[in-house]
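Only one structure is covered here, and it is reproduced in the block below.
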Amino acid sequence: MSVKGTLLLGLIALVGVLPASSKEQPAAALSGVVTSDAEGHMEGVLVTARPEGANITVTVISDEQGRYAFPPGKLQPGKYSLSIRAVGYELAGQAAAEIKPDKATRADIKLVKAKDLASQLTGAEWMMSIPGNEKQKRALFHCDQCHSLDKVAKSTYDAESWMVALLRMQNQWQSSSTFNHPMPPPFPPKEVPSDPELAKYLASINLSGDRTTWPYELKTFPRPRGRDTKVVITAYEVPRKGSSPHDLAIDPDQMVWYDDFQTLDIGRLDPRTGQFKEWKVPTLKPGLTANNLTIELDKQGNPWLPRGYQGCSVTKFDVKTEKFQTWSAPAEYNDDHASCTQGNVGPNGMVWFYSNSTGKMFELDPTTGDVKVFNTFPPGSGQYKGPNRVFYFGVDENFVTSEKTHKIYGSAIAANGDPIYCDIEGSTIAVLDHTTGNVNMYPTPTPAAAPRRGSIDSDGNFWFGEWMASQLGMFDPQSKEIKEWRPPTPWSGIYRAARDKNGDVWSGGMSTDYVYRLNPKTGEWLEYMLPTLGGEIRDIKIDDSGASPKIWVPLVHAGILVKVEPLE
Ligand code: HEC
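The sequence shown maps to residues 1 to 568 in my numbering.
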């Protein structure tokens, strides 16, 4: 799904690869200028270098003068193919460069207008382009989770055929599905009927009937500018074909661990060497969905995984012995319908895992094997009882706000041992007092914001993504106040957030391909665009071990782990 696939088709070589003058400073291994006839020197063009035969790419962004430069040390001598991302443009010809030891290489890049703009739009740009009232747009935004909206916009269904297709989207695939790898839920959900109004709306915005183009203008975001271009992005493609990394975690040796949304593989990347190693988490319930969502590390760097449909259980991988060990909730909470996708390793070493089918959460003491049971929400409050709906969050079947149901999603454990968690259905942030079992809920200022996942900073604040509201949220457990911030681009679909040691807060847009950096003191946002279109950023983790932070995100739909290194 990356843009580069569309760019390199049978074109003439227009890229000059010239040895730069040895006096030129600083000695970037590879640099050049990006131009087009339409704009001259072009700022904000992502230039990606891929070493021949390798699964690791490095991307930089051109500056105000159209100049791009890979900082020294980022590229080793060898042959590279070059690709670009700049909405509305493509390479004029195949682009390649050879880097020789001790010699700077210059490769100027010429762009021409893209022949197929529609295939370069992000989900957010489709959301911005497609007309509709709030209810219609909410429905459409929900479609962008399993596949890009170009599937919807380029479809040719009329309203009648949409009635059939919608049945499939709403009932047949579970949320871990991707376009190329649909995953049916293990049990048929309570069927959500197709909404004739939604079907009519979808037929009015696609290529149905005799339409050859869209009855609206395709709007695009401006290219990165100024500080948004000061970044180096390294993408590590998971070698396993069709991989779907969902969460990642960084261990004390800066190794990057990840799990998989569609399989039982877990893996470890050594970013210094680019080496990957993978293991298979054992099956607990054969025949039921076998995947993982959450991965967290304990203080020794051992990964822990809540087991989804494989059981209301949590599995530890011991990195020293390479053995797996599993603990489960009491049998009455662990029937075949139980699904535990979320959980945490607390600062005190206690391990939490949660089930929406029973509305319970469990605290495991790994030293004794004892499991305590808690309610996720106060007794009597409407509990989500999955899996009766495949993908609607924060709204009912008619896309009306549904504050009455509560569903636990992402969570983190405070220093005092209390879980703080996102209630994606009821749009609250909830806190469990683990000594009394009491739960308090704090509504997000924006209703139906669908808070999704979060993390706790060193001051105890809980930072989270408001997916449906496309905002960033912060819950202060002292004042019980929730603050919200909105990035400059609309329809970001922020999933998760984390604060670095300098106080900046990082998040990723599921629908924009941007990694966002917010300075909460000034309210200033920076947006770092990733080279992969529609990779789907979810989790976000910070490696704060060095002088400046390195930000890691997995691309669930692209099988890539991405490292973002801001240059300022
Ligand atoms: C839970 C995941 C999921 C969601 C949410 C989802 N889809 Fe899909 N969609 C799929 C999968 C998987 C495929 C490929 C298999 C198939 O065609 O059913 C697909 C394929 C499609 C296709 C291309 C195939 C065809 O029939 O032309 C269209 C169009 C489509 N979806 C429209 C939608 C719309 C509209 C929505 C929102 C109302 C939506 N999808 C929401 C999973 C999803």
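From the three backbone atoms N, C-alpha and C, an ideal C-beta is built for every residue, glycine too.
On the CB-based measure, 16 or more other CB atoms within 10 Å of its CB, does residue i come out buried or exposed?
i	result
A415	exposed
N180	exposed
P252	exposed
V564	buried
P554	buried
G493	buried
G287	exposed
K23	Note on K23: pLDDT 44, under 50, position unreliable in the model; the coordinate value appears next. Per the 10 Å Cβ criterion, exposed.
N302	buried
S511	buried
T436	exposed
V395	buried
A448	buried
S36	buried
Q25	Here the model assigns Q25 a pLDDT of 46, short of 50, so the residue's position is not dependable, and the following value carries that caveat. Exposed: under 16 other Cβ atoms inside 10 Å.
Give every residue of the same chain whose Cβ lies closer than 8 Å to the Cβ of residue i, excluding the five residues on either side of it in the sequence, and list them in chain order.
i	result
F261	S176, S244, P245, H246, N291, N292, L293, V556
P490	A124, M127, M128, S470
G78	P51, E52, E98, I99
D513	T122, M529, L530, T532, L533, G534, G535, I537
P215	S204, I205
Output needed for residue i: all residues of its chain with C-beta closer than 6 Å, excluding positions within five of it in sequence on either side, in chain order.
i	result
S81	R50, A96
P443	T428
W279	I266
T220	V87, E125
T105	L30, A97, I99
R538	Y495, V556
R486	Q471
A558	T532, G535
T289	P186, Y309
Assuming the contact rule is C-beta atoms closer than 8 Å, residue i and residue j should be a hit. Round their C-beta distance to whole Å, please.
i	j	result
Y333	T358	5 Å
I130	A153	7 Å
V373	P306	Actually they do not touch by this definition, with Cβ atoms about 15 Å apart.
I56	Y236	5 Å
T446	E466	7 Å
L140	L218	Actually they do not touch by this definition, with Cβ atoms about 15 Å apart.
Considering only residues of the same chain and omitting the five flanking positions on each side of residue i, which have a CB-CB separation below 7 Å?
i	result
K230	P566, L567, E568
R225	E43, G44
W327	S313, V314, L364, G369, V371
G417	G346, N348, M350, H434
G382	K404, T405, H406
K541	L248, A249, I250, A498, W552
N519	D504
Between the alpha carbons of residue i and residue j, how many angstroms are there, rounded?
i	j	result
E524	D504	10 Å
L269	P378	41 Å
L111	I84	9 Å
T273	P71	18 Å
Y201	F399	14 Å
W463	Y89	36 Å
I456	K323	30 Å
W304	V319	11 Å
L284	C340	13 Å
Y157	P366	53 Å
P196	R499	44 Å
K74	V232	9 Å
I482	E64	38 Å
N171	E191	6 Å
N440	I413	15 Å
L561	V47	18 Å
V281	D259	10 Å
G343	Q310	14 Å
P549	Q254	12 Å
H41	A165	46 Å
G573	L207	Outside the modelled stretch of the chain, which goes from 1 to 568, sits residue 573, for which no answer is possible.
W162	F353	38 Å
P419	T376	10 Å
V238	G508	20 Å
D335	M361	15 Å
K501	D210	56 Å
S21	Q76	Note on S21: pLDDT 41, under 50, position unreliable in the model; no value is reported.
Please determine whether the Cβ atom of residue i lies at a distance below 7 Å from any heavy atom of the ligand GTP.
i	result
K151	Here the bound small molecules are the ligand HEC; the ligand GTP is not part of this structure.
Exercise. Pick out the complete beta strand (DSSP E) segments inside the stretch 410 to 472, 3 residues or longer, and give them in chain order.
Key: As far as the stretch 410 to 472 is concerned, its whole beta strand (DSSP E) runs of at least 3 residues are 419 to 423, 428 to 432, 439 to 443, 451 to 456, 462 to 466.
Quiz prompt | Segments of 3+ residues assigned as beta strand (DSSP E) that fall wholly inside the stretch 58 to 121 | solution = Runs found: 67 to 70, 78 to 85, 89 to 91, 95 to 99, 105 to 107, 109 to 113.
Quiz item: Along the chain, which unbroken stretches of the beta strand (DSSP E) at least 3 residues long are found entirely within the stretch 133 to 183?
Solution: Correct list: empty.
Quiz item: Curious, which full-length beta strand (DSSP E) runs of at least 3 residues does the stretch 253 to 287 contain?
Solution: Note on the stretch 253 to 287: whole beta strand (DSSP E) runs with a minimum of 3 residues are 256 to 260, 265 to 270, 275 to 280, in chain order.
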